[in-house]
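See structure below.
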Amino acid sequence: MHGPRPVLIVGAGFAGAVYGRTLAEAGWRVQIIDRRDHIAGNAHDAVDANGVRVHTYGPHLFHTQNKEVFDWISRFGAMVPYRHSVTAQLDDGRLVPLPVNRRTLEMLYDVPLPDADAVNALLESVAQPIENPANAAEYLLSRIGPTLTDLFFRPYTRKMWGLELEDMDASVVRRIPLRHDYTSNYFPDDTYQVLPRDGYTALFHSILDHPNISVALDTPFDKAMQADAHWCFNAMAIDEYFDQCFGALPYRSIRFHTQKRPRDQIDGTAVVNYTDDGPMTRETRWALLPCHEVNPGPDTTVTLEEPCSYEENNFERYYPVKTADGRFQDVYRRYADEAARHDRLSFIGRCGTYQYLDMHQVINQSLVQCRKWIDGQS
Ligand SMILES: Cc1cc2nc3c(=O)[nH]c(=O)nc-3n(C[C@H](O)[C@H](O)[C@H](O)COP(=O)(O)OP(=O)(O)OC[C@H]3O[C@@H](n4cnc5c(N)ncnc54)[C@H](O)[C@@H]3O)c2cc1C
1 MHGPRPVLIV GAGFAGAVYG RTLAEAGWRV QIIDRRDHIA GNAHDAVDAN
51 GVRVHTYGPH LFHTQNKEVF DWISRFGAMV PYRHSVTAQL DDGRLVPLPV
101 NRRTLEMLYD VPLPDADAVN ALLESVAQPI ENPANAAEYL LSRIGPTLTD
151 LFFRPYTRKM WGLELEDMDA SVVRRIPLRH DYTSNYFPDD TYQVLPRDGY
201 TALFHSILDH PNISVALDTP FDKAMQADAH WCFNAMAIDE YFDQCFGALP
251 YRSIRFHTQK RPRDQIDGTA VVNYTDDGPM TRETRWALLP CHEVNPGPDT
301 TVTLEEPCSY EENNFERYYP VKTADGRFQD VYRRYADEAA RHDRLSFIGR
351 CGTYQYLDMH QVINQSLVQC RKWIDGQS
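Mind the numbering: the sequence shown is residues 1 to 378 in the UniProt record's numbering, read in order.
Okay, structure coming up:
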């Protein structure tokens with residue numbers, strides 16, 4: 001066992017759990033705290049009254065190319081294969097594949113597209129001649145024309161970010177996936193696409209089940225806690241730690257609306273995006289994810305998502321806000337510089353580093369950085 005004092009970890013999400021387990025296995029005593037009343041952070045799930053497993057903070061699909069990350073989580077529970085695909089609902093009720101693929105174009109323009117050349121020719125015919133796109137709107141218009149831009153990107157951007165495409169940098173949409181074939185897999189490049197068979201919460205119970213780890217829930221962080229700790233790995237919002245002395249780091253958030261629907265009305269893809277001008281971006285039909293109908297009955301659960309600012313949702317921080325001028329990233333760097341001047345303190349995870357990170361990225365970063373820290377202690 002290392003040292004008389006435990007390592008304190010703030011946050012029982014993926015960042016905190018990976019640090020906790022890695023440190024515990026290296027012989028460190030670990031105290032994990034979380035202000036919520038549950039483990040698993042934003043990956044938390046639970047079986048609801050309809051007998052359906054619902055992800056509390058929106059659908060969490062695990063996908064990665066990183067074998068080490070996949071092997072690591074596979075140690076803690078059985079995984080089931082799941083290849084995610086999404087459809088978008090048009091005004092007339094039709095569902096078309098998203099990201100836009102050859103089938104989407106055939107359905108929208110009502111033409112057969114026998115090969116990739118035909119797809120390119122169609123896109124060229126609808127694209128607008130804009131030589132040096134000055135913003136995201138111009139970039140999209142120059143690549144895919146007004147119909148696709150106004151259907152799939154404009155309403156979504158308005159709802160999700162509260163922004164017009166004209167106010168966003170072209171770089172934000174430069175890597176939009178656009179498929180020249182019929183591929184409908186949402187993550188076509190990822191070798192490992194799975195869901196934990198018994199849910200994320202059960203997976204976290206297993207990760208945290210180690211004699212060197214203790215977990216305290218309903219426990220908000222207090223700076224006084226650091227005095228008793230050998231080190232503090234902290235996944236809380238970095239601006240909150242420093243009392244927002246350089247200003248707030250804003251986030252977009254989501255209000256989740258749960259509906260009960262007859263099970264026999266549910267089919268298609270697990271996630272359906274809306275293209276209308278209403279406030280909701282998408283719905284998740286949990287029953288269509290493998291192993292999510294735990295006690296199937298006549299009714300099932302569907303969750304609708306309504307994006308909002310984090311102030312409008314009890315300061316639930318989901319997506320760091322990125323603007324074309326990068327002003328919030330500049331503010332973040334001031335906090336990071338300040339943090340570097342503090343002894344025995346490291347910020348980790350999504351809110352600690354003010355970046356949107358998928359689960360596999362958080363797991364990978366946490367494994368790499370935690371092992372480096374452990375090596376540096378010996
Ligand atoms: C709507 C949504 C959908 C997503 N879908 C996917 C997906 O499909 N695939 C994917 O790979 N990733 C997805 N993600 C990303 C995924 O949620 C993150 O990668 C992951 O949660 C990051 O883990 P974390 O530990 O950094 O943060 P979190 O999971 O947020 O954990 C941080 C924890 O710290 C606690 N905490 C914060 N402040 C304090 C404090 N002051 N005191 C005590 N505790 C505190 C919080 O309560 C929280 O439990 C999605 C995220 C969102 C928001």
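Positions of the beta carbon are idealized from the N, C-alpha and C atoms, including for glycine.
Counting the other Cβ atoms within 10 Å of the Cβ of N295 gives fewer than 16, which makes it exposed. The closest CA to that of M280, considering only P155, S346, S378 and D189, is found on P155. Pairwise C-beta distances place the segment 133–150 out of contact with the segment 205–220, as fewer than three of them are shorter than 8 Å. Between P307 and R350, the C-beta spacing is not below 8 Å.
In the structure shown, the three-state DSSP call for F233 is strand. Here DSSP, grouped into helix, strand and coil, assigns S85 to coil. Taking the CA atoms as reference points, V173 sits about 12 Å from A324.
The Cβ atoms of F204 and A17 lie closer than 8 Å to each other. Exclusion of the five residues before and after A78 leaves P196, R197 and D198 as the residues of its chain whose Cβ lies within less than 8 Å of its Cβ. A distance below 7 Å between beta-carbons, with the five flanking residues on each side excluded, links P290 to the following residues of its chain, in chain order: V80, Y82 and L195. The three-state reading of DSSP puts C370 in helix, counting H, G and I together. Pairwise C-beta distances place the segment 176–193 in contact with the segment 94–103, as three or more of them are shorter than 8 Å.
For R333, the enclosing alpha helix (DSSP H) covers residues R327 to A340. The continuous stretches of alpha helix (DSSP H) do not include H210, and DSSP gives it neither H nor E. Residues of the same chain with a CB within less than 7 Å of the CB of I207, apart from the 5 flanking positions on each side, are A17, R21 and F76 in chain order. Counting C-beta pairs with one atom in each stretch, the segment 244–260 and the segment 307–322 have three or more that are closer than 8 Å, which means they touch.
In the DSSP assignment, the residues bridged to Y192 are T64.
Between ligand 1 and the CB of E240, the shortest heavy atom gap is smaller than 7 Å. By the CB criterion at 8 Å, A339 and L345 fall inside the cutoff. Counting of Cβ neighbours within 10 angstroms places Y332 among the buried residues, the total reaching 16 or more. In the DSSP assignment, S253 forms a beta bridge with C308.
Collapsing the DSSP output to three states places E293 in a strand. F246: not part of any beta strand (DSSP E); DSSP gives it neither H nor E. With a threshold of 7 Å, the Cβ atom of Y332 does not count as near ligand 1, since no heavy atom of the ligand is closer than that. With contact defined as three or more Cβ pairs closer than 8 Å, the segment 243–250 and the segment 63–72 are not in contact. For P112, there is no enclosing alpha helix (DSSP H), as DSSP gives it neither H nor E. Exclusion of the five residues before and after T303 leaves F256, T258 and T284 as the residues of its chain whose Cβ lies within less than 6 Å of its Cβ. As the crow flies, the alpha-carbon of Q193 is around 18 Å from that of P177. Residue pairing for M79: DSSP places it in a beta bridge opposite P196. Here Y200 is buried, its C-beta having at least 16 other C-beta atoms within 10 Å.
In the DSSP assignment, F152 falls outside any alpha helix (DSSP H) and carries neither an H nor an E.
Separation of K260 and G27 (C-alpha to C-alpha, rounded to the nearest whole angstrom) is 47 Å.
Taking V321 as the centre and dropping the five residues before and after it, the same chain places the C-beta of P250, Y251, R252 and F328 closer than 7 Å to its C-beta, in chain order.
The closest CA to that of Q265, considering only T301, I73 and I238, is found on T301.
The three-state reading of DSSP puts R5 in coil, since its state is none of H, G, I, E or B. If you compare the alpha carbons of P188, T56, N273 and I73 with that of A88, the shortest gap goes to N273.
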